[in-house]
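One structure below.
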Amino acid sequence: KAGVTQTPRYLIKTRGQQVTLSCSPISGHRSVSWYQQTPGQGLQFLFEYFSETQRNKGNFPGRFSGRQFSNSRSEMNVSTLELGDSALYLCASSLARQGRTADTQYFGPGTRLTVL
Amino acid sequence: GENVEQHPSTLSVQEGDSAVIKCTYSDSASNYFPWYKQELGKRPQLIIDIRSNVGEKKDQRIAVTLNKTAKHFSLHITETQPEDSAVYFCAASIEKYGNKLVFGAGTILRVKS
Chain Z
1 KAGVTQTPRY LIKTRGQQVT LSCSPISGHR SVSWYQQTPG QGLQFLFEYF
51 SETQRNKGNF PGRFSGRQFS NSRSEMNVST LELGDSALYL CASSLARQGR
101 TADTQYFGPG TRLTVL
Chain H
1 GENVEQHPST LSVQEGDSAV IKCTYSDSAS NYFPWYKQEL GKRPQLIIDI
51 RSNVGEKKDQ RIAVTLNKTA KHFSLHITET QPEDSAVYFC AASIEKYGNK
101 LVFGAGTILR VKS
C-alpha cells in the first residue's frame, strides 16, 4: 500500500497570504490528523477529521482550518499568515477501526512552510 | 489539559549499550502510548505502541513499559546500533479525544561506534 502523501513538500509565502496544504491518507484509512512541528514547540496537534467531520481540535487560532473529502483526503488552510506559522506541517492517517478511538497513526513526509 | 514530559533531552550511548527514555503523563485517562522515531529530514515513524491494559510490550530490540499508577512509560532499546541514532518522541492520547496525540519534547539519541 502506498503511504501517506502530502503536497506540496515545500512552500514559501509572505505575511498576510493564505495557504492550502493537502494530505492523501493510506487507502482505507478514514481518519486524518494534522500536526505542526517547530523546533521551539515540538509536535502540536491541530485537528482531526473523520468521515468528513472535525472530530477533535487543538489550541490553535481560527486562522487554521481544515476539511476532509468523501475519499478521506484532507486539506488544511492557514489564512493571514504570520512569521510564527513557519513550520513543518505533518498529517497522519489511521484506520479508525470501530470501537477503537485511538488508533495507530502513520505520518506523511510533511509540508515545510516558510513565511517571509 | 494533557501534558507529557520526556527525559532526557539528549542521550549518548556506546554502540551495543542499552538506551532508556522516560515519559510522564498528567491525565490518568490516557490510554494509548505510541513511540515515534524521526530521522533528520524524515517523517516520524511508529516504532512501538502500548495500550493501558498492558504493562509491557516487546519487539526485538525495542520494549516499552507502562506504569499506570505512577503515570509514566519508558522506551528501552537494547544492543544499540548507529542506525538507532535519531530523535525519539513519546506521545499519549485520551480515549474521549480520539486520535489526538500529545507529544513529549523529544530525545536526541546518539549511538557512538
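Protein chains in written order, with our numbering: chain Z, 1 to 116; chain H, 1 to 113. For every residue, glycine included, the Cβ atom is placed at its ideal position computed from N, Cα and C.
Residue i and residue j closer than 8 Å at C-beta
| i | j | result |
| --- | --- | --- |
| L115 (chain H) | Y88 (chain H) | Since the first residue shown for chain H is 1 and the last is 113, residue 115 (chain H) is missing from the structure and cannot be characterised. |
| K37 (chain H) | F45 (chain Z) | no |
| G40 (chain Z) | L81 (chain Z) | no |
| A102 (chain Z) | E95 (chain H) | yes |
| V111 (chain H) | V13 (chain H) | yes |
| E15 (chain H) | Q81 (chain H) | yes |
CB contact check: residue i to chain H, cutoff 8 Å
| i | result |
| --- | --- |
| R55 (chain Z) | yes |
| P25 (chain Z) | no |
| P8 (chain Z) | no |
| G62 (chain Z) | no |
| G28 (chain Z) | no |
Given residue i as reference, the closest of the options once Cα atoms are compared
| i | options | result |
| --- | --- | --- |
| L43 (chain Z) | Z:S74, Z:L90, Z:L116, Z:D103 | Z:L90 |
| L116 (chain Z) | Z:V19, Z:L83, Z:R30, Z:P61 | Z:L83 |
| P44 (chain H) | Z:P109, Z:L113, Z:A2 | Z:P109 |
| R112 (chain Z) | Z:G3, Z:L21, Z:A2 | Z:L21 |
| I47 (chain H) | H:P8, H:V54, H:K68, H:Q60 | H:Q60 |
| V4 (chain Z) | Z:Y10, Z:E48, Z:I26, Z:V19 | Z:I26 |
| F103 (chain H) | H:I62, H:A29, H:Y25 | H:Y25 |
| S70 (chain Z) | Z:S31, Z:T114, Z:A92, Z:T104 | Z:S31 |
| R51 (chain H) | H:A92, H:S85, H:A105, H:P8 | H:A92 |
| S28 (chain H) | H:G106, H:E83, H:G1, H:H7 | H:G1 |
| S94 (chain Z) | Z:D85, Z:F64, Z:C23 | Z:C23 |
Beta-carbon neighbours of residue i, restricted to chain Z and to distances below 9 Å
| i | result |
| --- | --- |
| G55 (chain H) | The premise fails here: G55 (chain H) is roughly 18 Å from chain Z at the closest Cβ pair, so nothing lies under 9 Å. |
Cβ of residue i within 8 Å of any chain Z Cβ
| i | result |
| --- | --- |
| R110 (chain H) | no |
| S93 (chain H) | yes |
| R106 (chain H) | With the sequence shown as reference, residue 106 (chain H) is identified as Gly, and Arg is not the correct amino acid for it. For G106 (chain H), the answer is yes, since a Cβ of chain Z falls inside 8 Å of its Cβ. |
| D49 (chain H) | yes |
Any non-hydrogen atom of the ligand COA closer than 7 Å to residue i Cβ
| i | result |
| --- | --- |
| F107 (chain Z) | This structure lacks the ligand COA, and indeed carries no ligand of any kind. |
Proximal chain Z residues relative to residue i, where beta-carbon distance stays under 8 Å
| i | result |
| --- | --- |
| K100 (chain H) | S33, F45, E48, N56, G58 |
| N31 (chain H) | A102 |
| A19 (chain H) | Under the 8 Å cutoff, chain Z gives no residues; its nearest Cβ is about 20 Å from A19 (chain H). |
Cross-chain neighbours of residue i in chain Z, by beta carbon under 7 Å
| i | result |
| --- | --- |
| Y97 (chain H) | N56 |
Proximal chain H residues relative to residue i, where beta-carbon distance stays under 8 Å
| i | result |
| --- | --- |
| Y106 (chain Z) | L46 |
| L11 (chain Z) | Chain H residues near L11 (chain Z): none, gap ~16 Å exceeds 8 Å. |
| L90 (chain Z) | R43, P44 |
Closer than 9 Å at the beta carbon, the chain H residues around residue i
| i | result |
| --- | --- |
| S94 (chain Z) | N99 |
| L113 (chain Z) | Those within 9 Å of L113 (chain Z) in chain H number zero; the least Cβ separation is about 15 Å. |
Partner residues on chain H for residue i, Cβ-Cβ distance less than 7 Å
| i | result |
| --- | --- |
| P109 (chain Z) | R43 |
| G42 (chain Z) | F103, A105, G106 |
What are the residues in the region 64-87 of chain Z lying within 9 Å of chain H by C-beta distance?
none
Got a sec: which bits of the region 68-95 of chain H sit with their beta carbon under 7 Å from any beta carbon on chain Z, in order along the chain?
F89, S93, E95
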